[in-house]
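Colleague: Quick mapping for you: the protein sequence lines, in order, are chains L and S. Per this note's numbering, the very first residue in the first sequence carries number 43; after that it's consecutive. Per this note's numbering, the very first residue in the second sequence carries number 43; after that it's consecutive. One structure is given below, represented as structure tokens, and several questions about it will come after.
There are 2 protein chains.
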Amino acid sequence: MIRRIVIDDIRPRTPTGAYPAKAVVGEKVLVSAAIFKDGHDILAAQVRFGDQTAPMVPIGNDEWAATISPRSIGARPFVVEAWTDRHATWARKVRAKQDAGQDIEVEMAEGIAIFEAQNGADPVIQDALTALKQGVVGPALEVELAGSAGAHDLTSSLPVPLWVDRERALVGAWYELFPRSYGGLWGTAERVPAIAAMGFDVLYLPPIHPIGTTFRKGRGNTMGAGPSDPGSPWAIGSREGGHTAIDPGLGTFEDFAHLLDVLRQHGMEVALDYALQCSPDHPWVREHPEWFHHRPDGTIAYAENPPKKYQDIYPINFWPDDDGDRQALWHSCKEIVDFWVHKGVRIFRVDNPHTKPLAFWEWLIPAVQSEHPDVVLLAEAFTDPRMMSKLAEIGFSQSYTYFTWRTEQYGPEGLRAYLEELAGPKADYMRPAFWPNTPDILSGPLRNGPPAAFAERLVLAATMSPTWGMYSGYELYENEPAADTNEEYWHSEKYEIKHRDFDRPDALAPLITAINGIRRRHPALQRLRGIRFHHSDNPWIIAYSKVDDDGDDVMLMVVNLDPHHMQETTLWLDLEALGLSWDRPYTAYDELSGETYRWQGPNPYIRLEPWVRVAHVLHLPAARP
Amino acid sequence: MIRRIVIDDIRPRTPTGAYPAKAVVGEKVLVSAAIFKDGHDILAAQVRFGDQTAPMVPIGNDEWAATISPRSIGARPFVVEAWTDRHATWARKVRAKQDAGQDIEVEMAEGIAIFEAQNGADPVIQDALTALKQGVVGPALEVELAGSAGAHDLTSSLPVPLWVDRERALVGAWYELFPRSYGGLWGTAERVPAIAAMGFDVLYLPPIHPIGTTFRKGRGNTMGAGPSDPGSPWAIGSREGGHTAIDPGLGTFEDFAHLLDVLRQHGMEVALDYALQCSPDHPWVREHPEWFHHRPDGTIAYAENPPKKYQDIYPINFWPDDDGDRQALWHSCKEIVDFWVHKGVRIFRVDNPHTKPLAFWEWLIPAVQSEHPDVVLLAEAFTDPRMMSKLAEIGFSQSYTYFTWRTEQYGPEGLRAYLEELAGPKADYMRPAFWPNTPDILSGPLRNGPPAAFAERLVLAATMSPTWGMYSGYELYENEPAADTNEEYWHSEKYEIKHRDFDRPDALAPLITAINGIRRRHPALQRLRGIRFHHSDNPWIIAYSKVDDDGDDVMLMVVNLDPHHMQETTLWLDLEALGLSWDRPYTAYDELSGETYRWQGPNPYIRLEPWVRVAHVLHLPAARP
């Protein structure tokens, strides 16, 4: 129902409006709304957010905006309030009449009534009132009556849900590795200092639980594993336990606690895999057969994508016929999260959430976060856009994206269109994580690609998205695909142990270290919405800028998308967006090379030889006078 | 809360979703929704609409669509239902396994279970089941199991509100006149045959109520009316009555009934003005002073837009401090509508609805339409876009638009951008009325404009929008503005009586008659959503096509926007949208001139000399093979 004033189209919001939009502590959140009333009165508006009150300003077309600053995590709804500014409306009328030489006697009396209703102890207001009573209107026209106290037509929106996460839900650099390739959890802890030195914030581990032996997959995803084959970590569960156990081959809970300690000492934290599926040997198969799909021949259904069969995995039936069974299953799934939270884990990378009911996540995520608002969940939903977006809307903190397959600049499948989509209204609730590779995905220019391809995709991922991640081996340019027909790696680490020489002198680690360092120094790179593309005459070279919430930090990235050839271009910078003017020179400091360029106007010439460098990552320190 | 299947983003809908979308009887309404579920099962969906059940088909990106056909007026909600198509999912699996030469024994048993659950008497299904039991899978793969009976995971949307109006709410040609210039209501009735002969559907009369004498405005909106000045019809109310009285100078209720009879005989109906404001002489001022704004000096506030004063009009205070006063006022406002509905009026043109609270309209319109669903209300809200859109959302049947000021083809203020906006999602709830002129607005090329300007704007209004209207005098090319600083007419009929010679041989009546006739013959012109623009090399010439709901009727309009000069162009028709092919010639029949053109390919050459003709209105009868 509409009250005195219309307050519509409040942002941030999710598409249906039924779930909270998202923000992080320290972010400056732009709140906007369409606010209007019948007639021609002047309105005023503000946002109430906890103990903050932010005055809104009109920004055109009946839209108003204000900025709020979340300072603590959890459910933090805000309210938009609007009212008729009787004083400003009155002052406008008085001025118009004065300008036309008309009598304002009645208006003087109206003014006195308005000031008396204000009922304030502010001496400026009192003086204006006194002057009015003496027939002097000037001070009363000039004074500002702020705030909604004594407001006329005061109208409040319903509380608008906003979920505030800690910063890591928006900003972070992730590193993924298989602990078994490093000698288990203890060996992984020994690798942490080197990973931390590259500037990573999160260490993501594929499932660390016991792996089934029944139908265990051998090297290269083959049937019939040999005795030395470790199996896929996603075939969870054996006699040694299920989702709340650690594979004895990886270590003990003490080793796990040690790993968390080492991470903490290096300013990092762990992300565990939350993969809700079972090997045929998982304890649940025996204890809760009712939680699986049964076939007419009495067997439990394994995973299939006909004609492909995954006999080592039993999907869980999240919607058994019996409601009691469903509730018991869902609660057991939540108990897994609770268990690891109790062990100190606060980030979960959720495997294939799009193959589980949305209603399950809609229940689980608020249930977990109401008890532990610092829990962050990354959705691994490489699926259709609607599903990916819906998972974000109902509560996932972060989402894997299509970045891996966006390799060109232009077109509906290009980087520009994709980033503009992500940084638009979607940014209210969906936070992208850009991964140039994963253990499942070796794609695009990386396939048999040169080192420059790895450098290029690294710079794009880490400067376009506040969260980015890579799977280990990337820094060693691992580029061999398993086949032309899929995106798997040759000798996929999912089915075997890998040994790597991270001390290779030509490795990518220095560039990773540099990029992650720049990301930490420049708040512009810690935000998504501030991205803007600039025209480049050569489509192989992409140029985009970012600014931070305050508009103080301005970064300009220029990247060669062609890892094989030198490309050169003339840019057409949107100087205004960069806070620059046509008639004054400005400096661009390349944070990667340490070089400083002195430019003037919108058309710098750029030349990028991929074997020398793939990108400029430029700070525009002279951007604001 | 999400149920088993997600059903999102259902259209048609209003921006907030809190009010009914709109359709008319006979319209084919495209219902679409995003429908998806976890996993990879094949889904099915349908729309339930009264006794209709329309199967939905997937149209890409998880969107589904169906068409429903409203057959009666009133609140007619629909429901979207989706379910898992177990049979299709099963058949897909069986085929994939067969193709790979895999065993399907268990799948046969699954198939039997699915067919037995279907529980249908359909002999085809029974035969397929029998074959399955005999180990023959073929018939079971081919059969179609339609409908949601026995559906798995059946999920229904909430009822989606849809308001169905009669056709006149979407389609109509309106003619506006001041009855006093025709000798009152009786004289107006005598003019009806000529108006009906031009093809008009609705006769719209400015307020026909007694006009106040206090501060009555004289000719040209001047102070101090002389005894012969009739006053503005919008200064409603005198000793002779208020909003439920007829100005005795115009006639009696018998005369009004006679006018309605004559209109009915000519297939027309009346639209009355609903202007909620009072002259100082209105009975309400005496009987209900609490319904007006009072100033500190004890006077009632007249209308002001400082420094302009409208002393002949008292605005109503729709939100008096006392809630009881407000309820009494609002009900009295509704009683005015009820009164005229009782007298046979079903269309109201609402004066300045944007100066009355939206909450008032939100209450009034459903209150009226729940009793009289055939009532149509046109909002005269020449105001900001948000307000205009909101009035449509909360229930107005039609809206005046910015058409009058959209005179060029390109740019954000151009006809193309505006029509694309109106025909997009807005068309779900806002129905435009295009008026080239009104008694208040003489604008753009019509100001001191040549006859070709009047012809051009007529063709645009009547072929772009399903509803269009004109104010009398247009057919006589009345083109003299009152001043350079406003859009009023010289000798505005709002303040004086006009006598016109409609028998002028050069009048626009023949073109009006032709255009209205074409509109009636061609359903394409009775719809808004089917509009599409085609590139023209010369921006002075605009080209757009329309198709009807079924895609059977295809019209192509080519209009010269320059009333002063010959313009020529090459068109770039979107042949596919027109149902044409590159390699086959087609005929274009000009409904205005009777000429037939034989064209092939997308590039006809067009030459329009405004003194000969301003437009082609082409039927493409050979559009479909």
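All C-beta atoms in this analysis are idealised placements derived from N, C-alpha and C, irrespective of residue type, glycine included. Here the structure is a predicted model, which means the values were calculated and not measured.
Pop quiz: TRP132 (chain S) and GLU147 (chain S) are said to be a contact at Cβ under 8 Å. What is the actual Cβ separation, rounded to whole angstroms?
Modeller: So it is not a contact: roughly 14 Å between Cβ atoms.
Colleague: Going along the chain, which residues of its own chain have a beta-carbon closer than 8 Å to the beta-carbon of SER431 (chain L), five neighbours each way excluded?
Modeller: So the qualifying residues of the chain are PRO57, LYS468 and MET472.
Colleague: Quick one: list the residues of chain L neighbouring THR668 (chain S), beta-carbon separation under 7 Å, in chain order.
Modeller: Nothing about residue 668 (chain S) can be reported from this structure: the residues present for chain S run from 43 to 667 only.
Colleague: Could you tell me which residues DSSP puts in a beta bridge with ASP207 (chain L)?
Modeller: L:VAL66
Colleague: Judging by CA-CA distance, which residue of S:PRO605, S:HIS82, S:VAL392 and S:TRP228 is the nearest neighbour of ARG134 (chain S)?
Modeller: S:HIS82
Colleague: Using 8 Å as the threshold, is the C-beta distance between HIS607 (chain S) and GLU633 (chain S) below it?
Modeller: no
Colleague: How would you call LYS398 (chain S), buried or exposed, if buried means at least 16 neighbouring beta carbons within 10 angstroms?
Modeller: buried
Colleague: With three or more C-beta pairs closer than 8 Å as the rule, is the region 232 to 249 of chain L touching the region 301 to 315 of chain L?
Modeller: yes
Colleague: I'd like to know if PRO203 (chain S) contacts chain A, where contact means its C-beta is closer than 8 Å to some C-beta of that chain.
Modeller: In the structure shown, chain A does not exist; the protein chains are L and S.
Colleague: What residues of chain S sit near ARG258 (chain L), judged by a beta carbon separation below 8 Å?
Modeller: None at all; the shortest Cβ gap to chain S is about 21 Å.
Colleague: So the candidates are S:LYS259, S:TYR513 and S:ASP595; which of them puts its Cα closest to the Cα of GLY621 (chain S)?
Modeller: Of S:LYS259, S:TYR513 and S:ASP595, the residue nearest in Cα terms is S:ASP595.
Colleague: Output needed for ARG281 (chain L): all residues of its chain with C-beta closer than 7 Å, excluding positions within five of it in sequence on either side, in chain order.
Modeller: ASP323
Colleague: On a Cα-Cα basis, can you pick out the residue from S:LEU603, S:ASP625 and S:VAL656 that is closest to GLN642 (chain S)?
Modeller: S:ASP625
Colleague: For PHE544 (chain S), count neighbouring C-beta atoms within 10 Å of its own C-beta (all shown protein chains included) and say buried if the count is 16 or more, exposed if not.
Modeller: exposed
Colleague: Just how far apart, CA to CA, sit ASP590 (chain L) and ASP51 (chain S)?
Modeller: 33 Å
Colleague: Under 8 Å, Cβ to Cβ, is there at least one residue of chain S near TYR61 (chain L)?
Modeller: Taking CB atoms only, TYR61 (chain L) has no neighbour in chain S less than 8 Å away.
Colleague: Beta-carbon of GLN144 (chain S) versus every beta-carbon of chain L: anything under 8 Å?
Modeller: yes
Colleague: Give me the chain S residues within the contact set of PRO338 (chain L), using Cβ-Cβ distance strictly less than 7 Å, ordered along the chain.
Modeller: VAL148, ALA151, GLU152 and ALA155
Colleague: Going along the region 103 to 117 of chain S in order, which residues come within less than 7 Å of chain L, judged by CB to CB distance?
Modeller: Going along the region 103 to 117 of chain S in chain order, one finds ASN103 and ASP104 with a Cβ nearer than 7 Å to chain L.
Colleague: Out of curiosity, what's the CA-to-CA distance linking HIS598 (chain S) and SER114 (chain L)?
Modeller: First, the residue type needs correcting, since residue 598 (chain S) is Leu and not His in the sequence shown. Each residue's alpha carbon lies about 60 Å from the other.
Colleague: Against chain L, which members of the region 394 to 406 of chain S pass a CB distance test of less than 7 Å?
Modeller: HIS396, THR397, LYS398, PRO399, LEU400, ALA401 and GLU404
Colleague: Kindly indicate which residue of L:LEU174, L:GLN144 and L:LEU371 has the alpha-carbon position closest to the one of MET150 (chain L).
Modeller: Looking at L:LEU174, L:GLN144 and L:LEU371, the one whose alpha-carbon comes closest to that of MET150 (chain L) is L:LEU174.
Colleague: Taking only beta-carbon atoms, is ARG45 (chain L) less than 8 Å away from chain S?
Modeller: yes
Colleague: May I have the straight-line CA-CA distance separating LEU219 (chain S) from GLY291 (chain S), to the nearest angstrom?
Modeller: 16 Å
Colleague: Check TRP327 (chain S) in the structure and name its three-state DSSP category.
Modeller: Note on residue identity: the sequence assigns Val, not Trp, to residue 327 (chain S). The answer is helix: DSSP assigns VAL327 (chain S) an H, G or I state.
Colleague: At least one CB of chain S closer than 8 Å to the CB of GLY81 (chain L): is that the case?
Modeller: yes
Colleague: Can you find a C-beta in chain L that's less than 8 Å from the C-beta of LYS540 (chain S)?
Modeller: no
Colleague: Let me confirm a value: PHE381 (chain S) is counted as buried when at least 16 other C-beta atoms fall within 10 Å, else exposed. Which label applies?
Modeller: exposed
Colleague: Can you say whether TYR639 (chain L) is buried or exposed, counting buried as having 16 or more other CB atoms within 10 angstroms of its CB?
Modeller: exposed
Colleague: Closest by CA to GLY102 (chain S), which one among L:GLU618, L:PRO427 and L:GLU462?
Modeller: When each option's Cα is compared against that of GLY102 (chain S), the closest is L:PRO427.
Colleague: Quick check: the region 574 to 588 of chain L against the region 546 to 561 of chain L, are at least 3 beta-carbon pairs closer than 8 Å?
Modeller: no
Colleague: Ends of the beta strand (DSSP E) at ARG649 (chain S)?
Modeller: 647 to 650
Colleague: Would you call VAL99 (chain L) buried or exposed, if buried means 16 or more other Cβ atoms sit within 10 Å of its Cβ?
Modeller: exposed
Colleague: Going by DSSP, what residue range makes up the beta strand (DSSP E) through THR256 (chain S)?
Modeller: Note, THR256 (chain S): premise wrong, no beta strand (DSSP E); not H, not E.
Colleague: If you draw a straight line from the alpha carbon of HIS129 (chain L) to that of ALA409 (chain S), how long is it in whole angstroms?
Modeller: 36 Å
Colleague: Give me the chain S residues within the contact set of PHE496 (chain L), using Cβ-Cβ distance strictly less than 9 Å, ordered along the chain.
Modeller: Per Cβ cutoff of 9 Å: no residues; PHE496 (chain L) is ~32 Å from chain S at best.
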